[in-house]
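Trainee: Pasting a structure here, questions to come.
In the working numbering, the protein residues as written are 1313 to 1532.
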């Protein structure tokens, strides 16, 4: 089991009021699954993604990621977990505009302290069909190419979990299908992929769908 959530609670203090974003969430995800988490705005899916990605900590509950309880680790330890075990793909790509494709992809390896990460970055870009775009900056790439670079950056650290937050939100329909086909291909190769989305057609591409509403999982 790569993800085990037990009675996860998260409340935000909004001045005079408190908002319960997550209310007793329990969830198991096995390694090698392709899973969609679906929810409308305000459902709690963004908070759940933050916790699953070790970007935030729950107020209560247990989160075991790849065999380690990470729920209450320090910020520094969570940053290390993110760098070594989780690959992130975002709706807005989050590529650095001044760096070309290969420089963007090698960044996580530089943060890890590797001195010569260029070769690994080149291998990953070639794997995703971007061998002829390595020297292009984000502004010189199409939306689909930029998202592929972002996926290459997420995969270059060989993460246990690939977490994609609305990965097709900034591309057209045809490119959206290409991105989902790539994520399914990666999953077929054994990569655990978790997609957070509000789009039902994107969720329908995943064998397992988890619905969240009012901070609780209502169907999976």
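Glycine residues also receive a C-beta, built at the ideal position from the N, C-alpha and C atoms.
1) Roughly how many whole angstroms lie between the Cα atoms of residue 1464 and residue 1491?
2) What are the start and end residues of the alpha helix (DSSP H) that includes residue 1392?
3) Can you grab the Cα-Cα spacing for the pair residue 1507 / residue 1428, in whole Å?
4) Taking Cβ positions, are residue 1321 and residue 1372 nearer each other than 9 Å?
5) Under 9 Å between the Cβ atoms of residue 1527 and residue 1380?
6) Check for me: the beta strand (DSSP E) holding residue 1476 runs from which residue to which?
7) Kindly indicate which three-state DSSP category residue 1403 falls into: helix, strand or coil?
8) Could you check which residue in 1408, 1349, 1452, 1390 has the C-alpha nearest to that of residue 1368?
9) Could you tell me whether the Cβ of residue 1474 comes closer than 9 Å to any Cβ of chain C?
10) Please go through the same chain and pick out, in chain order, the residues whose beta-carbon is closer than 6 Å to the beta-carbon of residue 1524, but skip the five residues on each side of it.
11) Straight-line CA distance for residue 1476 to residue 1442?
12) Just to confirm my understanding: we take residue 1360, look at its own chain, exclude 5 residues before and 5 after, and list those with CB closer than 7 Å. What are they?
13) Are at least three pairs of beta-carbons, each pair with one atom in the region 1400-1418 and one in the region 1452-1470, less than 8 Å apart?
14) Suppose you measure from the CA of residue 1484 to the CA of residue 1341; what does that come to, to the nearest Å?
15) Looking at the secondary structure, which residues open and close the alpha helix (DSSP H) in which residue 1348 lies?
Mentor: Quick look at the numbers:
1) In the chain shown, residue 1464 corresponds to position 152, counting from 1. In the chain shown, residue 1491 corresponds to position 179, counting from 1. The straight-line gap from Cα to Cα measures roughly 12 Å.
2) The residue labelled residue 1392 in the question sits at position 80 within the chain shown. Note, residue 1392: alpha helix (DSSP H), 1387-1397.
3) Locating residue 1507 in the chain shown gives position 195, where the first residue counts as 1. Locating residue 1428 in the chain shown gives position 116, where the first residue counts as 1. If you take the alpha carbons of residue 1507 and residue 1428, they lie about 31 Å apart.
4) Taking the first residue of the chain shown as 1, we reach residue 1321 at position 9. Taking the first residue of the chain shown as 1, we reach residue 1372 at position 60. Less than 9 Å divides the Cβ of residue 1321 from the Cβ of residue 1372.
5) One-based indexing of the chain shown puts residue 1527 at position 215. One-based indexing of the chain shown puts residue 1380 at position 68. No.
6) As a working note, residue 1476 is residue 164 in the chain shown. Per DSSP, residue 1476 is one residue of the beta strand (DSSP E) stretching across 1473-1477.
7) Taking the first residue of the chain shown as 1, we reach residue 1403 at position 91. Coil at residue 1403, not helix or strand.
8) In the chain shown, the residue the question calls residue 1368 occupies position 56. Ranked by how close their Cα comes to the Cα of residue 1368, the residues 1408, 1349, 1452, 1390 have 1390 in first place.
9) As a matter of chain content, chain C is missing from the structure shown, which is built from one protein chain.
10) In the chain shown, the residue the question calls residue 1524 occupies position 212. Excluding residues within five positions, the ones whose Cβ falls inside 6 Å are 1351, 1355, 1356, 1357.
11) Counting from 1 along the chain shown, the entry for residue 1476 is found at position 164. Counting from 1 along the chain shown, the entry for residue 1442 is found at position 130. The straight-line gap from Cα to Cα measures roughly 20 Å.
12) In the chain shown, residue 1360 corresponds to position 48, counting from 1. For residue 1360, the CB contacts under 7 Å within the same chain, skipping 5 residues up- and downstream, are 1334, 1337, 1349, 1524 in chain order.
13) Contact check between the region 1400-1418 and the region 1452-1470: three or more CB pairs, one atom from each, fall below 8 Å, which counts as touching.
14) Position 172 of the chain shown, counted from the start, is the residue given in the question as residue 1484. Position 29 of the chain shown, counted from the start, is the residue given in the question as residue 1341. Linking residue 1484 to residue 1341 through their CA atoms gives a straight-line distance of about 30 Å.
15) Translated into positions along the chain shown, residue 1348 becomes position 36. DSSP places residue 1348 in no alpha helix (DSSP H) but in the uninterrupted beta strand (DSSP E) bounded by 1346-1350.
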